[in-house]
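First residue of the first sequence? That's 100 in our numbering, and the numbers climb one at a time after it.
Glycine is no exception: its CB is placed at the ideal position from the N, C-alpha and C atoms.
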Amino acid sequence: MGRPRPTARRTSRSRQPATRARPRKRSSTISTVRKSELRPMLDIRLIAHDPETFARRLLRRGKGVDLEDLLALDRRRRELIARGDELRHDKSKAEEAMRAADKQSDVFTRFREEMRVVALSIRACETDFEAVLAAMDEHLMLLPNLPDDAAPDGASAEQNPILRVVGQKPSFDFTPKDHTELGEALGLLDFERGTKITGARFTVYRGAGARLERALISFMLDTHTGEHGYTEILPPFLVNHASMRGTGQFPKFQEDAFLLERDGLVLVPTAEVPVTNLHRDEIFEPSALPVAYAAYSPCFRREAGAHGRDTKGLIRQHQFQKVELVMFTTPEDSERAHEALTGHAESILERLGLHFRRVDLCTGDLGFSAARTYDLEVWLPGQNAYREISSCSNFRDFQARRAAIRYRPEGAKKNALVHTLNGSGLAVGRTVVAVLENYQQADGRVRIPEVLLPYMGGLTHLG
RNA sequence: GGAGAGGUGGCCGAGCGGUCUAAGGCGCUUGAUUCGAAAUCAAGUGUGGGGCGACUCACCGUGGGUUCGAAUCCCACCCUCUCCGCCA
């Protein structure tokens with residue numbers, strides 16, 4: 100029997116004596132793409148068990164779902180499993196007899212002819228099964244995560260409740276400039292040449308501008324690793340398709356990614372992808388959780404649906420830098436971890452002395468994979484607006500199911516899915532925007548926030 | 001990029017067409033022994049699917065093929081190691 104059921108594709112046998120999940124040394128789980136494919140994003144058993152409740156919870160996102168096809172496919176799937184198992188069982192019994200039988204005997208020959216037919220039935224059964232799985236997958240892969248019960252109802256961003264406000268808008272006795280103007284005037288940002296050497300939405304940082312970006316990255320990583328307990332990761336900036344599926348970007352959002360078709364690789368849209376997938380196909384010992392990582396990476400996004408939006412400046416680039424926080428927790432712990440992680444991101448803004456607010460994304464504004472999301476919006480005087488600078492989400496078991504990231508609950512017989520979380524801590528490009536616009540002076544120069552001074556090589560002002 | 005070797009359970013490692021429901025060792029868990037421990041002895045110890053359950057099915061890098069039957073044979077691919085070349 101060639102084709103195992105989809106979940107049986109996993110070969111992770113990682114029972115670890117150590118406290119950390121680890122890939123097997125020579126295992127192919129790292130390299131193979133197929134294992135993590137064909138995994139539902141939502142638990143089909145949960146859906147089948149109570150489709151009404153499931154549909155009602157999903158409806159909070161604003162779009163109705165029709166589960167009839169899916170449920171019918173699931174019934175068909177079970178039938179095929181039962182039939183296939185039965186056929187295989189009978190066949191292996193027959194083969195047991197054949198082992199013992201005289202290979203020249205009529206009995207043997209008759210068995211062989213019979214089994215030749217059974218083998219064909221099994222193969223047909225498997226083909227059907229594969230087709231059913233593929234069809235189910237198509238449904239499941241496109242179903243977004245269930246919103247957390249605590250997520251506020253609402254249709255769009257306008258309905259996101261503001262949970263807290265920190266600091267206040269700076270007052271200027273002059274008209275504050277936009278970061279584009281400041282960056283160009285002070286020789287920090289070169290938008291024109293970015294466009295020349297690459298294209299629209301690419302920018303060159305220069306001199307103290309480049310230094311500021313680097314200082315922010317270091318400051319953020321130092322704070323998260325030194326004070327918030329994160330382990331620093333520097334991941335690959337190219338990932339395979341299995342990783343993109345693991346965190347939920349693929350297959351639905353292929354349009355948003357830069358693909359290297361020839362090599363089957365994708366430029367990371369966020370460090371969330373490589374870092375969460377570090378533990379794809381792995382099982383944690385419960386004592387190892389929670390696991391917290393902080394990772395710097397550039398982020399590459401095609402911004403497919405954003406034509407004409409934020410065309411000026413650093414706000415919306417095809418490449419930007421980000422420090423990302425990623426956590427793996429037990430289900431009981433993820434809500435607490437979500438608050439903590441968001442607090443860690445906020446602490447960067449507070450230390451930089453930037454005014455911001457935290458909003459609770461309503462069900463209609465929630466991302467595809469997220470169950471609950473807090474956005475941090477920083478005040479930008481040059482835009483006269485709050486702009487998202489961090490997005491902190493709890494995915495609950497959505498990504499974990501997809502990426503097969505499990506743990507061994509204390510005393511339990513079966514392994515369970517972990518919860519994954521992540522958040523920007525922070526988007527560096529937008530932080531540069533915030534620093535430039537909030538710290539600008541009447542003389543056109545920009546003061547460097549105190550916490551960054553140790554990273555700026557003696558500079559106290561830009562310009 | 002060229003040449004060679006190899007991918008088997010938490011780890012090491014045997015197996016090379018049918019008692020593989022994968023030998024053996026190490027590790028781990030539990031029990032016996034002990035005042036306690038070490039040593040020793042015994043049992044257990046992968047992942048996932050289906051079933052209320054008894055139970056059953058799949059998985060030996062991945063995919064495909066041959067066969068009544070594949071960890072074992074054939075093909076393709078991926079990855080690892082060694083040497084050479086190139087290179088930050």
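Express the C-alpha separation of alanine 250 and proline 139 in angstroms, rounding to a whole number.
Within the first sequence, residue 139 is the residue found at index 40, counting from 1. Within the first sequence, residue 250 is the residue found at index 151, counting from 1. Low confidence applies here, because proline 139 scores a pLDDT of 44, under 50, leaving its location unreliable; read the following figure in that light. Between proline 139 and alanine 250, the C-alpha separation is close to 23 Å.
What three-state label does DSSP hand threonine 441 in the structure shown?
Within the first sequence, residue 441 is the residue found at index 342, counting from 1. In this structure, threonine 441 counts as helix in the three-state DSSP scheme.
Quick check: tryptophan 478 and lysine 276, are their CB atoms within less than 8 Å of each other?
Taking the first sequence and counting its residues from 1, the one referred to as residue 478 is at position 379. Taking the first sequence and counting its residues from 1, the one referred to as residue 276 is at position 177. Against a cut-off of 8 Å, the Cβ pair of lysine 276 and tryptophan 478 comes out as no contact.
To test your reading of the DSSP string, which unbroken beta strand (DSSP E) runs of 3 or more residues are found completely within the segment 369-394?
Entirely contained in the segment 369-394, the beta strand (DSSP E) runs reaching 3 residues are, in chain order, 381-383.
Drop a sphere of 10 angstroms on the beta-carbon of glutamine 203, count the other beta-carbons inside from all chains shown, and report buried for 16 or more, exposed for fewer.
Indexing the first sequence from 1 puts residue 203 at position 104. Exposed, by the Cβ-count rule.
Tell me where the alpha helix (DSSP H) around serine 51 begins and ends.
Because the chain is modelled from 100 through 562, residue 51 falls outside the range shown and cannot be assessed.
Could you name each continuous beta strand (DSSP E) segment of 3 residues or more that falls completely within the segment 237-272, going from the start of the chain to the end?
Within the segment 237-272, the complete beta strand (DSSP E) runs of at least 3 residues are 261-265.
Across which residues does DSSP place proline 397 in a beta bridge pair?
The residue labelled residue 397 in the question sits at position 298 within the first sequence. Paired residue(s): Gln420.
Exposed or buried, what is isoleucine 414 when buried is set at 16 or more other beta-carbons lying within 10 Å of its beta-carbon?
Here residue 414 corresponds to residue number 315 of the first sequence, with the count starting at 1. Isoleucine 414 is buried by the Cβ-count criterion.
Thinking threonine 429 and leucine 388 are a contact (beta carbons under 8 Å), I'd like their distance in whole angstroms, please.
For the purposes of this step, residue 429 is taken as residue 330 along the first sequence, with counting starting at 1. For the purposes of this step, residue 388 is taken as residue 289 along the first sequence, with counting starting at 1. Indeed they touch by this definition, with Cβ atoms about 5 Å apart.
Taking contact to mean at least 3 C-beta pairs separated by less than 8 Å, is the segment 465-479 in contact with the segment 404-412?
Cβ pair count under 8 Å is below three, so no.
Should glutamine 539 go down as buried or exposed, given a rule of 16 or more other Cβ atoms within 10 Å for buried?
By one-based count along the first sequence, residue 539 stands at place 440. That one is buried.
Determine contact between the segment 316-331 and the segment 341-356, defined as no fewer than three beta-carbon pairs at a distance below 8 Å.
At 8 Å Cβ cutoff, the stretches do not touch.
Taking the alpha carbon of leucine 475 as the reference point, which residue from Thr410, Pro246, Val264 and Gln482 has its own alpha carbon closest?
Residue numbering aside, residue 475 sits at position 376 when the first sequence is read from its first letter. Selected option, being the one with the closest Cα: Val264.
Please classify isoleucine 129 as buried or exposed, where buried requires at least 16 neighbouring CB atoms within 10 angstroms.
Here residue 129 refers to the residue found at position 30 when the first sequence is read from its first residue. The predicted model places isoleucine 129 with a pLDDT of 26, which falls under 50 and marks its position as unreliable; any figure quoted below should be read in that light. Looking at its Cβ environment, which holds fewer than 16 other Cβ atoms inside 10 Å, isoleucine 129 is exposed.
Measuring CB to CB, does serine 446 end up less than 8 Å from lysine 421?
Here residue 446 refers to the residue found at position 347 of the first sequence. Here residue 421 refers to the residue found at position 322 of the first sequence. Contact flag unset, no.
Using the Cβ count rule (16 or more neighbours within 10 Å means buried), how would you classify aspartate 542?
As a first step, residue 542 must be located in the first sequence, where it is residue number 443. Its Cβ having fewer than 16 others within 10 Å, aspartate 542 is exposed.
Identify, in the order they occur along the chain, each residue of the same chain with its Cβ nearer than 8 Å to the Cβ of alanine 200, setting aside the five sequence neighbours on each side.
In the first sequence, residue 200 corresponds to position 101, counting from 1. Taken in chain order, the residues that qualify are Val206, Phe207 and Phe210.
Are there three or more Cβ pairs, one per stretch, closer than 8 Å when the segment 502-520 is compared with the segment 372-384?
The segment 502-520 vs the segment 372-384: in contact.
Would you report the Cα separation of proline 150 and leucine 166, rounded to the nearest angstrom?
Residue 150 sits at position 51 when you count from the first residue of the first sequence. Residue 166 sits at position 67 when you count from the first residue of the first sequence. Between proline 150 and leucine 166, the C-alpha separation is close to 7 Å.
Identify which residue in Glu194, Leu551 and Val517 has its Cα closest to the Cα of threonine 375.
Residue 375 sits at position 276 when you count from the first residue of the first sequence. Selected option, being the one with the closest Cα: Val517.
Should glutamate 225 be labelled buried (16 or more other beta-carbon atoms within 10 Å of its own) or exposed?
The residue labelled residue 225 in the question sits at position 126 within the first sequence. Burial call: buried.
For alanine 499, which residues from the same chain have a beta carbon less than 6 Å from its beta carbon, with the 5 sequence-adjacent residues on both sides left out?
Residue mapping note: residue 499 aligns to position 400 of the first sequence, counting from 1. Cβ neighbours of alanine 499 beyond the five flanking positions: Leu516, Val517 and Thr519.
So is asparagine 483 buried or exposed if we call it buried at 16+ other beta carbons inside 10 Å?
The sequence position of residue 483 within the first sequence is 384, counting from 1. Looking at its Cβ environment, which holds fewer than 16 other Cβ atoms inside 10 Å, asparagine 483 is exposed.
Taking DSSP as the reference, what is the three-state secondary structure of glutamine 482?
Working through the first sequence from its first residue, we reach residue 482 at position 383. DSSP places glutamine 482 in coil when its eight states are reduced to three.
Around the C-beta of isoleucine 399, are 16 or more other C-beta atoms found within 10 angstroms, so that it is buried, or is it exposed?
Counted from its first residue, the first sequence places residue 399 at position 300. According to the sequence displayed, residue 399 carries phenylalanine and not isoleucine. Classification of phenylalanine 399: buried, given that the 10 Å Cβ count is 16 or more.
State buried or exposed for proline 246, treating a residue as buried only when at least 16 other CB atoms are found within 10 Å of its CB.
Position 147 of the first sequence, counted from the first residue, corresponds to residue 246. By the neighbour-count rule (16 or more Cβ atoms within 10 Å), proline 246 is buried.
Assign isoleucine 547 to one of two classes, buried (16 or more other C-beta atoms within 10 Å of its C-beta) or exposed (fewer than that).
Residue numbering aside, residue 547 sits at position 448 when the first sequence is read from its first letter. It counts as buried.
Closest to serine 490 by CA distance: which of Leu453, Ala444 and Val534 is it?
Numbered from its first residue, the first sequence carries residue 490 at position 391. Residue Ala444 is the option with its Cα nearest to serine 490.
How would you call histidine 148, buried or exposed, if buried means at least 16 neighbouring beta carbons within 10 angstroms?
Reading the first sequence from its first residue, position 49 is the one you call residue 148. Histidine 148 is exposed by the Cβ-count criterion.
Unbroken alpha helix (DSSP H) runs of length 4 or more, entirely within the segment 483-561: which are they?
497-502 and 527-537, all fully within the segment 483-561.
So the candidates are Asp248, Val367 and Phe273; which of them puts its Cα closest to the Cα of asparagine 537?
Looking up residue 537 in the first sequence gives position 438. Of Asp248, Val367 and Phe273, the residue nearest in Cα terms is Phe273.
Tell me, please, which residues DSSP counts as bridged to isoleucine 332.
Mapped onto the first sequence, residue 332 falls at position 233. Ala394, per the DSSP bridge assignment.
When we look at the beta-carbon of leucine 552 and count the other beta-carbons within 10 Å, is it buried (16 or more) or exposed?
Taking the first residue of the first sequence as 1, we reach residue 552 at position 453. Classification for leucine 552: exposed.
Just to confirm my understanding: we take valine 372, look at its own chain, exclude 5 residues before and 5 after, and list those with CB closer than 7 Å. What are they?
As a working note, residue 372 is residue 273 in the first sequence. These residues qualify, in order along the chain: Val338, Ser342, Met343, Thr346 and Gln348.
Taking only the alpha-carbon atoms, compute the straight-line gap between asparagine 521 and glutamate 237 and give it to the nearest angstrom.
For the purposes of this step, residue 521 is taken as residue 422 along the first sequence, with counting starting at 1. For the purposes of this step, residue 237 is taken as residue 138 along the first sequence, with counting starting at 1. Cα to Cα, asparagine 521 sits roughly 26 Å from glutamate 237.
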